[in-house]
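Have a look at the structure below, then the notes.
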Amino acid sequence: MNIETIAYILGGLTIGSALMVILSNHPMRSILYLVVTFFMISANYVLMNAQFLAIVNIIVYAGAIMVLFLFVLMMLNLSKDTEPKTSIAMKAAAVIAGGSLLVVFVAALSKGAHTAPGVSADSINNVGLVKVLGHELFTTYVLPFEISSVLFISAIVGAVLLAKREKQVLEQ
Amino acid sequence: MVLATIFESVSIQYYLVLSSILFVIGVVGVLIRKNAIIVLMCVELMLNAVNLLLVAFSTFFGQSDGQLFVFFIMVVAAAEATVGLSILVLIYRNTRSVDIGLFNKLKD
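Structure, rendered in structure tokens:
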């Protein structure tokens, strides 16, 4: 089993679980299939030696964002019966639109450069390690890094403000 | 064992096509489904497809810029999912439904 077989099997699993996300009737199953998709994408990152991003993908996406989706779903208490239905015509139109978009993407992108540029094996093996990424992040990209903390603060304040229940006025 | 780069066995075409397929699955999911939670999840799927392609090109060229951009995309996606879900909770509290077909008018 060489690396090419592993890559193709992984790609097939990723596409299969992504299809099950949009095709499941029950929203809970869609969320769980999306968690599986994120794990497959992290496996793709490991295959490309992007170690930091593989772990961060699992921790942030599958571990935090999907858990948030699950909490909200369980709080709303949806089931298969309350799932809104789309008409067949709308589904067909969406699939045709998506299919033509895919054809345009693949046709536009498949004529690019095929050979790898002459980079040293050392830099390819080092890109993706925490040390190299951390050095780049704190020297070249330090300004977006600090501004992303401001973004997080605003998202937290916004989420708390939006979802807070109003205080009930008590009659004396 | 030092991991040989994967682009000697599968070409960069493979990740171009895989990322395009995942992106189009996300687009079709946004168009087909009317449950607001599933629509938000398909947006996350589209963002992940772009992340995959950015990491592929970053490894292809041996530079770390693509992977750092993925880091910032994850930051923005986390903040956007948080605020989007809190808006969804607020809408559910007012109308008891998450069907986005009901929200196509700004008043009433």
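Listed in order, the protein sequences are those of chains A and B. 1 is the number of the first residue of the first sequence in the numbering used here; add one for each residue after it. 1001 is the number of the first residue of the second sequence in the numbering used here; add one for each residue after it. Think of the CB as a built atom: it goes at the ideal place given N, C-alpha and C, for glycine as much as any other residue. Computed from a predicted structure; not experimentally measured.
Anticipated Cβ contact below 8 angstroms, residue i with residue j, distance rounded
i         : j         : result
Glu1044/B : Ile65/A   : 7 angstroms
Tyr1014/B : Ala108/A  : Not quite, the Cβ-Cβ distance comes to about 16 angstroms (not below 8 angstroms), so this is no contact.
Ala62/A   : Phe39/A   : 6 angstroms
Thr37/A   : Thr5/A    : Contact doesn't hold; Cβ gap of about 20 angstroms is too wide.
Ala965/B  : Phe1023/B : Within the shown structure, residues of chain B are numbered from 1001 to 1108, placing residue 965/B beyond reach of any answer.
Ala159/A  : Thr1082/B : 5 angstroms
Pro27/A   : Lys1034/B : So it is not a contact: roughly 11 angstroms between Cβ atoms.
Leu102/A  : Ser1020/B : 6 angstroms
Ala94/A   : Val1028/B : 5 angstroms
Phe1074/B : Val56/A   : The sequence shown places Met at residue 1074/B, rather than the Phe named in the question. Yes, Met1074/B and Val56/A are in contact; Cβ-Cβ is about 7 angstroms, under 8 angstroms.
Val1030/B : Val106/A  : Wrong, their Cβ atoms sit about 20 angstroms apart, outside the cutoff.
Leu10/A   : Ala43/A   : 6 angstroms
Which listed residue (the options) has its alpha carbon closest to that of residue i
i         : options                                    : result
Arg165/A  : Ile1091/B, Asp1099/B, Lys1105/B, Leu1068/B : Ile1091/B
Ser1066/B : Met48/A, Met74/A, Ser24/A, Leu34/A         : One detail in the question is off: residue 1066/B reads as Gly in this sequence, not Ser. Checking every option, the nearest Cα to that of Gly1066/B belongs to Met48/A.
Gly134/A  : Pro84/A, Ser100/A, Ala50/A                 : Ala50/A
Leu1054/B : Asn1035/B, Val1070/B, Ser1011/B, Met1041/B : Val1070/B
Met1041/B : Asn1094/B, Val1017/B, Gly1084/B            : Gly1084/B
Phe1072/B : Val157/A, Ile147/A, Leu161/A               : Ile147/A
Leu137/A  : Ser1086/B, Leu1068/B, Ile1038/B            : Leu1068/B
Glu1008/B : Gly11/A, Ile3/A, Ile58/A, Ala92/A          : Ile3/A
Lys91/A   : Ile1032/B, Val1076/B, Met1046/B            : Ile1032/B
Ala1079/B : Leu151/A, Leu161/A, Met20/A                : Leu151/A
Ile179/A  : Ser24/A, Gly16/A, Leu23/A, Asn25/A         : Only positions 1 to 172 of chain A appear in the structure, and residue 179/A is not among them; the question remains open.
Asn77/A   : Leu1018/B, Arg1096/B, Val1027/B, Leu1047/B : Arg1096/B
Asn1094/B : Ile22/A, Ala163/A, Met20/A, Ser24/A        : Ala163/A
Val157/A  : Ile1100/B, Ile1087/B, Phe1103/B, Val1010/B : Ile1087/B
Asn25/A   : Ile1025/B, Leu1016/B, Ile1038/B, Val1030/B : Ile1038/B
Gly1026/B : Leu1018/B, Leu1102/B, Met1046/B, Val1010/B : Met1046/B
Ser1058/B : Ile58/A, Ile59/A, Val60/A, Tyr45/A         : Tyr45/A
Ile1100/B : Ile1012/B, Ser1011/B, Ala1036/B, Ile1006/B : Ala1036/B
Leu73/A   : Val1089/B, Leu1052/B, Phe1103/B            : Val1089/B
Segment limits, alpha helix (DSSP H) that includes residue i
i         : result
Ser17/A   : 3-23
Phe52/A   : 51-57
Asp1065/B : 1065-1095
Pro84/A   : Where Pro84/A is concerned, there is no enclosing alpha helix (DSSP H), given that its DSSP letter is neither H nor E.
Phe1103/B : Note, Phe1103/B: premise wrong, no alpha helix (DSSP H); not H, not E.
Gly63/A   : Where Gly63/A is concerned, there is no enclosing alpha helix (DSSP H), given that its DSSP letter is neither H nor E.
Val1007/B : The identity of residue 1007/B in the sequence shown is Phe, whereas the question assumes Val. Segment: none, Phe1007/B is in no alpha helix (DSSP H) and carries neither H nor E.
Tyr45/A   : 27-47
Thr140/A  : Element bounds for Thr140/A: n/a, residue is neither H nor E.
Lys91/A   : 88-109
Asn1051/B : 1036-1061
Inset, instruction - For the region 124-131 of chain A and the region 1058-1075 of chain B, state whether three or more C-beta atom pairs, one from each stretch, are separated by less than 8 angstroms. - result: Touching, yes.
Legend entry - chain B contacts from the region 43-58 of chain A (Cβ-Cβ distance under 8 angstroms): Asn44, Tyr45, Leu47, Met48, Asn49, Ala50, Phe52, Leu53, Val56, Asn57
Inset, instruction - For the region 65-78 of chain A and the region 20-32 of chain A, state whether three or more C-beta atom pairs, one from each stretch, are separated by less than 8 angstroms. - result: Counting Cβ pairs under 8 angstroms, three or more are found: they touch.
Legend entry - Selection of the region 62-94 of chain A by Cβ proximity to chain B, strictly under 9 angstroms: Ala64, Ile65, Met66, Leu68, Phe69, Phe71, Val72, Leu73, Met75, Leu76, Leu78, Thr82, Glu83, Pro84, Lys85, Thr86, Met90, Lys91, Ala93, Ala94
Legend entry - Residues from the region 1060-1079 of chain B in contact with chain A, defined by Cβ distance under 8 angstroms: Phe1060, Phe1061, Gly1062, Gln1063, Ser1064, Asp1065, Gln1067, Leu1068, Val1070, Phe1071, Phe1072, Met1074, Val1075, Val1076, Ala1077, Ala1078, Ala1079
Legend entry - chain B contacts made by the region 24-36 of chain A, where a contact means CB separation under 8 angstroms: Contact residues of the region 24-36 of chain A toward chain B are Pro27, Ser30, Ile31, Leu34 (C-beta to C-beta distance below 8 angstroms).
Legend entry - Short-range partners of chain A found in the region 1031-1042 of chain B, where Cβ spacing is below 7 angstroms: Leu1031, Ile1032, Arg1033, Lys1034, Asn1035, Ile1037, Ile1038, Met1041, Cys1042
Legend entry - Members of the region 130-153 of chain A that neighbour chain B once the beta carbon cut-off is set at 7 angstroms: Val132, Leu133, Glu136, Leu137, Tyr141, Pro144, Ser148, Leu151, Phe152
Legend entry - Proximal residues, the region 102-113 of chain A versus chain B, C-beta separation under 7 angstroms: Leu102, Phe105, Val106, Leu109, Ser110
Legend entry - chain A contacts from the region 1084-1097 of chain B (Cβ-Cβ distance under 7 angstroms): Leu1085, Ser1086, Ile1087, Leu1088, Val1089, Leu1090, Tyr1092
Legend entry - Chain-ordered residues of the region 9-22 of chain A with a beta carbon less than 8 angstroms from chain B: Gly11, Thr14, Ile15, Ala18, Leu19, Val21, Ile22
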